[in-house]
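Structure first, then comments.
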Amino acid sequence: MKILEGKGVSKSFGGLKAVSDVEFYVEEGEILGLIGPNGAGKTTFFNLLSGALPMDSGTVLFGGQKISGLKPNQICRAGMGRTFQAAKNFPGMAVYGNVMMGALFGKPGRSASEAEQITDEVLDFVGLTEYKDKMVTDIPLSAQKQLEVARALATRPKLLLLDEVMAGLNPTEVEDAMKLILRIRDSGITVIMIEHVMRAIMTICDRILVLHHGAKIAEGTPQEISTSKTVIEIYLGES
Amino acid sequence: MITVLNIIITGLIMGGIYALISMGLSLQYGVAKILNVSHGEFIMIAAMLTWVFVGLGIHPLLALVLCCPFTFCVGFLLHITIFRWLNINSGTAAAYESNAMLLCFGLYFIFSNIAMQIWGSNPVGFQFMEKSVNLGGAIIAVNKIIVLIIALAVSILFYLFLSHSRLGKSIRAASQDPVAAGMLGMNIKKIMAICFGIGAVLAGIAGTLISMYSQVNTGMGMGYTMIALIVVVLGGMGSIPGSMIGGMILGFVGSIFGYIEPSLSMVAYYLIILVLLLVKPKGLMGR
Ligand SMILES: Nc1ncnc2c1ncn2[C@@H]1O[C@H](COP(=O)(O)OP(=O)(O)OP(=O)(O)O)[C@@H](O)[C@H]1O
Ligand SMILES: [Mg+2]
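Going line by line, the protein sequences match chains Z and G.
The first sequence begins at 2 in the working numbering and counts up by one.
The second sequence begins at 18 in the working numbering and counts up by one.
Below, the structure written as structure tokens:
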């Protein structure tokens with residue numbers, strides 16, 4: 002079953018077409034990779050899906066319901082969680098408080114005790130329990146990335162959008178992040194991940210979608226993408 | 018010794034009032050991104066309304082309670098109508114911030130002129146617990162002590178509201194990162210409108226309290242706006258504890274200069290700001 006599908010999704014900034022007429026779908030339970038060179042429009046695409054930016058045109062259905070045009074809080078409550086490429090945490094709160102915000106407000110009518118229970122579970126799930134009383138400015142980068150994921154998970158999403166959660170991590174940490182994403186999928190959450198770490202994308206994604214200058218230029222299994230002429234040309238042309 | 022005690026008590030009272038109005042301004046700026054230069058007009062309106070209520074035979078403390086829903090509704094409704102419209106039409110966040118400040122200048126003129134048309138510009142007042150008590154040698158009017166207690170109680174309640182209530186937590190989250198807060202299920206637009214309303218309530222409470230121990234007039238607002246602006250810069254833009262501490266500091270400075278040479282108070286306030294901005298540009302509690 003398709004959990005998310007969209008047609009004609011477009012966004013321009015002045016004359017720049019950041020996302021241009023993208024048609025896509027995401028199967029329930031899969032990990033979809035979203036790749037493309039810097040400035041390809043990947044983060045903008047996430048902003049459109051999550052309602053952080055209004056789209057110029059196009060429709061997106063989430064679980065069969067139209068979500069394009071809804072506000073971020075409504076899309077969150079429909080079951081979509083996301084992380085931000087440049088970590089957007091609440092610097093005045095400890096790690097625990099940050100995750101608690103997702104738990105408290107992610108769904109309407111959650112009681113404080115329910116939210117606390119969810120927060121504990123999620124902190125344990127991503128492996129952040131040891132940092133829970135630390136201020137977010139005092140924890141290492143890898144923990145900050147985990148915190149982004151934890152906070153989104155605390156809303157209890159059906160679909161999770163991850164924007165470069167592996168950027169800046171060392172190989173061991175990348176390994177851990179890959180395992181975490183697989184565990185998230187195994188817990189029943191569909192994942193779309195933007196990533197520049199190719200090894201991770203190729204290993205854990207079921208399918209990959211390639212954006213270039215805002216347009217979708219390829220879509221397929223890791224095998225198909227890694228052998229696609231167009232994709233190889235773009236990446237070679239870049240470097 | 019008695020003079021020192023007098024200065025301290027007066028400082029506490031002024032500080033309490035300054036803290037209230039500055040927390041309100043800080044909330045409006047920190048969360049709703051509106052530098053509300055018409056803040057003082059909410060103080061003035063509540064002060065004048067209290068005077069009207071008392072004239073109708075209503076007890077000042079009841080007037081205090083009556084003014085709260087009124088100022089909240091004015092603030093909230095202004096936000097969901099003209100400020101939201103302005104936000105939609107401003108394009109960028111930076112453009113909205115400057116447009117919103119200009120709009121507040123407009124509100125300042127509208128509110129102060131309407132009030133002047135209705136009530137004129139002469140000072141008015143009423144009598145409320147004017148008996149004095151002797152506190153260790155310092156002679157203080159009972160009404161001032163009541164004002165101090167209410168100001169401190171409201172400040173503490175407000176702080177507890179922000180740190181412990183569900184709505185308060187969402188307000189803090191929205192002030193620290195509205196985009197992330199929205200993505201976690203919080204309705205940012207509603208939170209901003211509520212914050213603008215609460216800011217107006219805090220100003221209104223201060224206005225009623227001021228009317229309990231001194232005369233008030235329709236031109237009183239701008240002076241308080243200036244003080245609130247100074248305190249908010251002093252405490253750190255958008256920091257609520259910073260506004261509380263900054264308000265207290267300014268209250269004490271005002272109290273000391275009120276004793277030495279009242280006309281120098283404003284100069285002293287600006288000197289403090291100048292020194293602070295050189296030493297700690299982001300304010301006492303600024304991040
Ligand atoms: N809010 C904005 N206003 C104007 N231009 C923007 C805005 N957001 C993104 N852009 C532009 O849109 C294009 C796509 O940016 P986007 O951040 O989506 O790329 P990306 O694929 O995520 O890149 P990266 O891999 O570097 O994160 C870029 O040229 C960027 O400068
Ligand atoms: Mg990006």
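Note that the Cβ used here is the ideal one computed from N, Cα and C, for glycine as well.
{"Asked": "Alpha-carbon to alpha-carbon, Ile182/Z and Ile205/Z", "Found": "8 Å"}
{"Asked": "Test item, CB below 5 Å from any non-hydrogen atom of ligand 1", "Found": "Phe14/Z, Ala19/Z, Asn39/Z, Gly40/Z, Ala41/Z, Gly42/Z, Lys43/Z, Thr44/Z and Thr45/Z"}
{"Asked": "Chain G contacts from the stretch 74-89 of chain Z (Cβ-Cβ distance under 7 Å)", "Found": "Asn74, Cys77, Arg78, Arg83, Phe85 and Lys89"}
{"Asked": "Endpoints, the alpha helix (DSSP H) within which Gly268/G is located", "Found": "Ile257 to Ile277"}
{"Asked": "Ordered list of beta strand (DSSP E) runs contained in the stretch 12-83 of chain Z, each at least 3 residues", "Found": "17-28, 32-36, 58-63 and 81-83"}
{"Asked": "Cutoff 9 Å: Gln134/G Cβ touching any chain Z Cβ", "Found": "no"}
{"Asked": "Short CB-CB distance (under 9 Å) between Gly300/G and chain Z", "Found": "no"}
{"Asked": "Rounded separation between Phe126/G and Gly236/G - CA only", "Found": "11 Å"}
{"Asked": "Those residues which DSSP pairs with Met194/Z across a bridge", "Found": "Gly34/Z and Leu163/Z"}
{"Asked": "Within chain Z, the residues that Ser187/G reaches when beta carbons sit closer than 9 Å", "Found": "Met102, Leu105 and Phe106"}
{"Asked": "First and last residue of the uninterrupted alpha helix (DSSP H) at Asn104/G", "Found": "Arg101 to Ser107"}
{"Asked": "Interface flag, Ser240/Z vs chain G, CB-CB below 9 Å", "Found": "Its pLDDT being 49, under 50, Ser240/Z is placed unreliably in this model, and the value from its coordinates should be taken loosely. So, not an interface residue."}
{"Asked": "Simplified DSSP state of Lys180/Z, which is helix, strand or coil", "Found": "helix"}
{"Asked": "Own chain residues within Cβ distance below 8 Å of Val141/G, not counting five before or after", "Found": "Met65, Trp68, Gln232, Val233 and Asn234"}
{"Asked": "Boundaries of the alpha helix (DSSP H) in which Ile75/G is found, first to last residue", "Found": "No alpha helix (DSSP H) contains Ile75/G, which DSSP labels as neither H nor E."}
{"Asked": "Beta-ladder partner(s) of Glu220/Z, from DSSP", "Found": "Leu210/Z"}
{"Asked": "CB contact check: Ser51/Z to chain G, cutoff 9 Å", "Found": "yes"}
{"Asked": "Cβ of Met94/Z within 9 Å of any chain G Cβ", "Found": "yes"}
{"Asked": "Residues from the stretch 18-47 of chain Z in contact with chain G, defined by Cβ distance under 8 Å", "Found": "none"}
{"Asked": "Identified DSSP bridge partners for Met136/Z", "Found": "Ala95/Z"}
{"Asked": "Any non-hydrogen atom of ligand 2 within 8 Å of Asp57/Z CB", "Found": "no"}
{"Asked": "Cβ distance (whole Å) where Val198/Z is taken to contact Leu161/Z below 8 Å", "Found": "17 Å between Cβ atoms; not a contact."}
{"Asked": "Simplified DSSP assignment, three categories, for Ala88/Z", "Found": "coil"}
{"Asked": "Distance, Lys180/Z Cα to Gly268/G Cα", "Found": "57 Å"}
{"Asked": "Ser280/G at chain Z interface by Cβ criterion, 9 Å", "Found": "no"}
{"Asked": "Candidates Ile25/G, Gly303/G and Val296/G, of which the one nearest Ile157/G by Cα", "Found": "Ile25/G"}
{"Asked": "Buried or exposed (CB count within 10 angstroms, at least 16 for buried), Thr138/Z", "Found": "exposed"}
{"Asked": "Contact with chain Z by Arg183/G, beta-carbon distance below 9 Å", "Found": "yes"}
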